[in-house]
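J.: In the numbering used here, the protein residues as written are 55 to 358.
Each residue gets a CB set at the ideal place from its N, CA and C atoms; glycine is no exception.
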């Protein structure tokens with residue numbers, strides 16, 4: 055399946071901004087099942103400085119600085135991404151979770167040093183006894199790792215209510231735990247904290263999710279949103295992605311943009327400004343499935 059994604063972030067400032075420095079992580083990744091066929095990043099006003107690099111986690115980042123007075127900033131990312139069908143892993147054939155957890159207790163072997171870094175607390179995700187206790191219900195002794203993670207994924211979906219006004223980007227995980235409600239970012243953080251509390255490596259994934267219009271209704275352009283889920287490391291398989299907001303394994307409708315320890319590593323657009331007063335942020339995302347013919351036209355359009 056091929057998608058065209060338009061992700062637009064607009065900042066409106068009540069006063070003039072004299073200078074601003076930002077980073078944008080909105081460039082979809084290449085993975086075993088995902089290829090990026092086109093990416094364009096439009097920034098208005100035109101930055102005086104613009105540099106691209108790959109961060110520690112392998113995400114593509116654009117750093118830019120605007121050095122003219124402005125009261126509005128727009129960052130528009132246009133991506134063309136193809137995902138190929140893949141066979142989900144056999145959850146019941148994964149190794150027992152307690153054996154996997156034992157691999158990530160000091161000392162660790164060189165083969166698992168990379169996932170080991172995702173066992174530790176991070177800026178927005180802290181392990182806790184209460185979270186370990188909650189997670190343990192999904193992991194009786196000897197339970198296959200991925201079966202246990204699937205059960206945890208299902209329980210978060212069941213026990214926590216999706217509520218877009220209950221939390222903000224700054225809401226701590228402890229508050230989400232108490233309120234039992236939040237959004238995809240919160241549920242991904244919760245699952246990661248639960249798994250890390252059992253010494254299992256888990257990382258945060260940011261991206262997009264294709265949504266479907268109600269039967270008989272047209273697809274609403276720009277009504278989608280950024281999405282988040284989590285990934286757990288399984289020694290016999292590699293990283294496996296789960297979406298607790300929808301109680302599914304991530305698949306052909308999940309477009310991956312960035313990996314990190316938590317949201318603070320993968321914020322789509324962040325930065326600092328001088329001036330500006332109060333500001334309003336508007337974000338719109340449009341995920342549009344394309345036929346192969348339509349996708350090729352999009353590629354050719356860049357060459358004309």
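To test your reading of the DSSP string, which unbroken beta strand (DSSP E) runs of 3 or more residues are found completely within the region 87 to 123?
T.: Taken in chain order, the whole beta strand (DSSP E) runs of length 3 or more contained in the region 87 to 123 are 88 to 98, 103 to 108, 114 to 120.
J.: Could you give the distance in angstroms between the alpha-carbon of residue 161 and the alpha-carbon of residue 167?
T.: 10 Å
J.: Are there three or more Cβ pairs, one per stretch, closer than 8 Å when the region 133 to 151 is compared with the region 227 to 238?
T.: The region 133 to 151 is not in contact with the region 227 to 238.
J.: Do you know how far the Cα of residue 195 is from the Cα of residue 107?
T.: 44 Å
J.: Hey, is the region 101 to 115 in contact with the region 130 to 140, meaning 3+ C-beta pairs nearer than 8 Å?
T.: no
J.: Looking at the structure shown, is residue 69 part of a helix, part of a strand, or coil, going by DSSP?
T.: strand
J.: Buried or exposed for residue 82, please, with buried defined as at least 16 other CB atoms from any protein chain shown within 10 angstroms of its CB.
T.: buried
J.: What beta strand (DSSP E) runs, 3 residues minimum, are completely inside the region 288 to 331?
T.: 292 to 297, 308 to 314, 323 to 329
J.: So, under 8 Å CB-CB, residue 344 and residue 57 are touching, yes? Tell me the CB distance rounded to an integer number of Å.
T.: 7 Å
J.: Assuming residue 309 and residue 59 make a contact with CB atoms under 8 Å, what is their CB distance in whole Å?
T.: Contact flag correct, Cβ pair sits at about 6 Å.
J.: Under the three-state reduction of DSSP, which class applies to residue 284: helix, strand or coil?
T.: DSSP places residue 284 in strand when its eight states are reduced to three.
J.: So, do the region 185 to 201 and the region 310 to 320 have three or more beta carbon pairs nearer to each other than 8 Å?
T.: no
J.: Give me whichever residues DSSP pairs with residue 188 in a beta bridge.
T.: Looking at the DSSP output, residue 188 shares a beta bridge with no other residue.
J.: What is the DSSP secondary structure of residue 278, counted as helix, strand or coil?
T.: Here residue 278 sits in strand by DSSP.
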